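Just so you know, we're using our numbering here: the sequence shown kicks off at 4 and counts up by one.
Beneath this line is the structure, given in structure tokens, with notes to follow.
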Amino acid sequence: MKCEICDDIGWVCENHLDRPWDGPRACTCGGAGAPCPACNSPAEGETPRMPHGFKVEVDKDGWRH
Ligand SMILES: [Zn+2]
Ligand SMILES: [Zn+2]
């Protein structure tokens with residue numbers, strides 16, 4: 004099964020939610036990443052799955068940039 008929106012990366016461009024954030028079809032606008040609304044929308048209190056090599060620390064206080 005392959006997600007048509009994010010190419011199974013699990014993340015999309017924050018500015019273009021229908022384009023993958025990484026990979027061969029990655030959006031080139033330089034926007035931040037956002038979890039794919041189709042395949043990677045975590046339940047409340049859960050952490051979205053991270054793309055390979057992506058380094059963001061999430062702790063109980065929420066997102067940390
Ligand atoms: Zn997806
Ligand atoms: Zn974009």
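Built from N, CA and C at the ideal position, the CB exists for glycine as well.
Since this is a predicted model, take the numbers as computed values, not measurements.
According to DSSP, residues forming a beta bridge with residue i
i	result
residue 24	In the DSSP output, where bridge partners are listed per residue, residue 24 has none listed.
residue 36	16
Inter-residue CB distance, residue i and residue j (contact presumed, cutoff 8 Å)
i	j	result
residue 16	residue 30	4 Å
residue 23	residue 9	5 Å
residue 36	residue 14	4 Å
Test item: CB-CB of residue i and residue j under 7 Å
i	j	result
residue 21	residue 12	no
Chain-ordered list of residues that sit, by beta carbon, closer than 5 Å to a heavy atom of ligand 1: 6, 8, 9, 39, 41, 42
Those residues, in chain order, that have a beta-carbon closer than 5 Å to some heavy atom of ligand 2: 16, 18, 19, 30, 32, 34
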